[in-house]
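Below is one structure; the comments refer to it alone.
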Amino acid sequence: MLGLTALALWFDNVTEPLPSSTDSDLYQQPDYIAENISGLRVEYAQSIQHVFHAKKMSHFINQDFTKLNDVDFMYFKPDTPPFRVSANQAEIHENGKNIFLNGNVNAIRGTDQDDKKIIVKTESLHLIPDQEIVKTDQQVMITRLNTTINATGLEFNNKSNTIELLSRVRAVDR
Numbered sequence: 376m377l378g379l380t381a382l383a384l385w386f387d388n389v390t391e392p393l394p395s396s397t398d399s400d401l402y403q404q405p406d407y408i409a410e411n412i413s414g415l416r417v418e419y420a421q422s423i424q425h426v427f428h429a430k431k432m433s434h435f436i437n438q439d440f441t442k443l444n445d446v447d448f449m450y451f452k453p454d455t456p457p458f459r460v461s462a463n464q465a466e467i468h469e470n471g472k473n474i475f476l477n478g479n480v481n482a483i484r485g486t487d488q489d490d491k492k493i494i495v496k497t498e499s500l501h502l503i504p505d506q507e508i509v510k511t512d513q514q515v516m517i518t519r520l521n522t523t524i525n526a527t528g529l530e531f532n533n534k535s536n537t538i539e540l541l542s543r544v545r546a547v548d549r
């Protein structure tokens with residue numbers, strides 16, 4: 376009888392349900408996940424295309440943002456060089472109005488064959504697609520032709536084709 380009681384107590388402890396999570400814990404988890412995903416957004420009136428590829432996409436309903444891992448963004452507009460950005464991670468907020476890229480961020484304006492293409496490398500970038508603005512307050516390295524520029528902070532306006540370097544600017548011409 377003692378053995379049966381011990382077995383019942385042990386079985387009760389082993390089969391005890393997991394502690395229930397609070398409602399807020401549920402909202403910290405993604406409501407959906409997609410892997411190896413690509414997307415295309417077209418603005419037909421202006422012939423603009425936004426394309427993205429990501430290894431993994433997770434949407435978080437409570438914070439209303441989407442997280443992408445190993446991501447590539449491409450932006451195509453007539454009469455403007457293509458603009459491509461890749462990063463280890465991106466967060467998309469406000470239905471794509473603000474995109475925050477982090478980790479090994481590389482931005483290229485121009486085609487691979489274009490000698491005058493601009494390459495920007497940094498650890499963090501904030502994209503504002505509707506305004507065609509890219510900015511950061513982090514260290515950046517910009518390469519074009521034989522010139523390399525290092526700076527802290529940058530704002531790039533694709534519409535006006537201007538780059539504003541915010542501080543600690545140093546240029547080297549090879």
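Oh and the sequence shown: position 18 is 393 in the numbering used here, straight run, nothing missing.
Using N, Cα and C, we set each Cβ at its ideal position, and we do this for glycine too.
- Residue burial annotation: residue 504 is buried, with at least 16 other C-beta atoms found within 10 angstroms of its C-beta.
- Using a Cβ distance threshold of 8 Å, residue 493 and residue 484 count as a contacting pair.
- By alpha-carbon distance to residue 517, the top candidate from 498, 442, 403, 422 is 498.
- The C-alpha of residue 406 is placed about 50 Å away from the C-alpha of residue 548.
- For residue 515, the number of other beta carbons within 10 angstroms of its own is at least 16, and it is reported as buried.
- Residue pairing from DSSP places residue 496 in a beta bridge opposite 481, 516.
- With respect to the C-alpha of residue 521, the residue from 531, 490, 457 having the closest C-alpha is 490.
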